[in-house]
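Chains as they are written, first to last, in our numbering: chain F, 1059 to 1286; chain V, 5 to 91.
As structure tokens, the structure follows; a few thoughts come after it.
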Amino acid sequence: MIKRATILLTLVLLGFLFLQMVVGYVPSSTLNPISRHYVASGPDELGAANIVTAVLVTYRGLDTLGEVAVLFISAAGVGLMLRRRTGEKAEEKQRRPSSELVGTAIHFLLPLIFVLGIYIFINGHLTPGGGFQGGAVLASGIMLLLLADPDTHLNHTIVHLLESVSGFGYVVVGVLGLVFAGGFLDNRFLDLGTFGELFSAGAMPIIYVFIGLKVGTELSAVLERMKD
Amino acid sequence: MMLLLISTVLCIGIIVSALLAVHLGNTVSAAISAGMASLFAAIIYLVLAAPDVAMTEAAIGSGLTTVIFLYSIRRTLTDGTKEPPEK
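Below, the structure written as structure tokens:
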């Protein structure tokens, strides 16, 4: 009885709080000072057409490094919990063959999905999207591959090498920014180039390629661990 | 006005699929409904001019998470049962 009353009271309180938020909501029509600074000087300072990327990769680059670290730790945790002990063989399961639709479509779709993923992270400083999104698209390509043929095994050496190299490269680029430009993860140690070109915005495309590869390989490794 | 209408419909979609995810007895259907909620959320982000977030939500929220849920449901099933246990 007391338990029910507590739950009810909590719900009413939460509802009251949310009601206050909804009733008092006024869409802000002006930017706050720090956003105004990012929007006004982002393109000139960092040479990125996509302000979101400028904020994520440079102004708030350390936070992004933290996010990548969090993802890495989660992937490592999944790998640790679902590891196969040495000598233990994967049990041979009688699997239902995947549908013909998936099996046929994958030949057309897989290259397109990979190209889209790579496009998203290489163009992160110009168009919406970036390392995380591109990496997730790459991983969904791997997911389709695993769905079409459940017996596929990713080459762990390549996956781990790619993941380690890109994680290491990301930090190295950050340190290069610290040494040759204004601070850790500053993209301006490379030439900013022409605004809106593919090779512009200093080190931003390089950072996003590293993040994209890292996120893609990590998520693919998680998927493969979950599969068998 | 149009924007408000579309947003409202999408919000209702999110709430309905979230409720379905909680109340459906079949775990597989519940996982799919949770993915649907994410998909509606992704569309609403796109409508509200946040394509970056929409991409993440569509790929991770509705794609990868759903598949990871389905894999874990299969892993946690006891052998011999083809269908997930009903509630």
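Heads up, the beta-carbon is just placed ideally off N, CA and C, and yes, glycines get one too.
Check whether residue i and residue j have beta carbons under 9 Å apart
{"i": "Leu1196 of chain F", "j": "Val1273 of chain F", "result": "yes"}
{"i": "Leu1277 of chain F", "j": "Ile64 of chain V", "result": "yes"}
{"i": "Asp1121 of chain F", "j": "Leu1129 of chain F", "result": "no"}
{"i": "Leu68 of chain V", "j": "Leu1281 of chain F", "result": "yes"}
{"i": "Gly1254 of chain F", "j": "Leu1184 of chain F", "result": "yes"}
{"i": "Glu61 of chain V", "j": "Tyr49 of chain V", "result": "yes"}
{"i": "Pro1263 of chain F", "j": "Asp56 of chain V", "result": "no"}
{"i": "Ala1279 of chain F", "j": "Val1217 of chain F", "result": "yes"}
{"i": "Gly1235 of chain F", "j": "Leu1243 of chain F", "result": "yes"}
Closer than 7 Å at the beta carbon, the chain F residues around residue i
{"i": "Tyr49 of chain V", "result": "The premise fails here: Tyr49 of chain V is roughly 11 Å from chain F at the closest Cβ pair, so nothing lies under 7 Å."}
Where residue i meets chain V, residues with beta-carbon distance less than 9 Å
{"i": "Thr1194 of chain F", "result": "In the sequence under discussion, the amino acid at residue 1194 of chain F is Ala, which differs from the Thr named in the question. By Cβ distance, chain V contributes Met59, Thr60, Ala62, Ala63, Ile64, Gly67, Leu68."}
Interface residues of chain V facing residue i [CB-CB closer than 7 Å]
{"i": "Phe1190 of chain F", "result": "Thr60"}
{"i": "Ala1127 of chain F", "result": "Within 7 Å Cβ-Cβ: nothing; Ala1127 of chain F doesn't reach chain V, min ~17 Å."}
Cβ neighbour criterion (16 or more within 10 Å) applied to residue i
{"i": "Thr1111 of chain F", "result": "buried"}
{"i": "Gly39 of chain V", "result": "buried"}
{"i": "Thr70 of chain V", "result": "buried"}
{"i": "Arg1141 of chain F", "result": "exposed"}
{"i": "Leu8 of chain V", "result": "exposed"}
{"i": "Lys91 of chain V", "result": "Low confidence applies to Lys91 of chain V: its pLDDT is 48, below 50, so where it sits in the model is not reliable, and the reading given next is rough at best. Lys91 of chain V should be labelled exposed."}
{"i": "Ser21 of chain V", "result": "buried"}
{"i": "Gly1240 of chain F", "result": "exposed"}
{"i": "Lys1285 of chain F", "result": "buried"}
{"i": "Asn1245 of chain F", "result": "buried"}
Beta-carbon neighbours of residue i, restricted to chain F and to distances below 8 Å
{"i": "Ile72 of chain V", "result": "Val1280, Leu1281, Met1284"}
Amino acids of chain F, ordered along the chain, whose beta-carbon sits closer than 9 Å to that of residue i
{"i": "Ser76 of chain V", "result": "Met1284"}
Interface residues of chain V facing residue i [CB-CB closer than 8 Å]
{"i": "Met1201 of chain F", "result": "Gly67, Leu68, Val71"}
{"i": "Lys1187 of chain F", "result": "First, the amino acid is wrong: residue 1187 of chain F is Gly here, not Lys. Pro55, Asp56, Met59, listed in chain order."}
- Message: Would the segment 30-46 of chain V count as touching the segment 1158-1172 of chain F if we require 3 or more Cβ pairs under 8 Å?
- Response: no
- Task: Please determine if the segment 1263-1283 of chain F and the segment 1192-1209 of chain F are in contact, where contact requires at least 3 C-beta pairs separated by less than 8 Å.
- Result: Verdict: yes, contact present.
- Is there contact here, the segment 1220-1228 of chain F with the segment 1071-1079 of chain F, by at least three beta-carbon pairs under 8 Å? no
- Would you call the segment 1097-1108 of chain F and the segment 1245-1260 of chain F in contact, with 3 or more CB pairs under 8 Å? yes
- Task: Ignoring anything shorter than 4 residues or poking outside the segment 20-67 of chain V, list the alpha helix (DSSP H) runs there in chain order.
- Result: 31-51, 55-60
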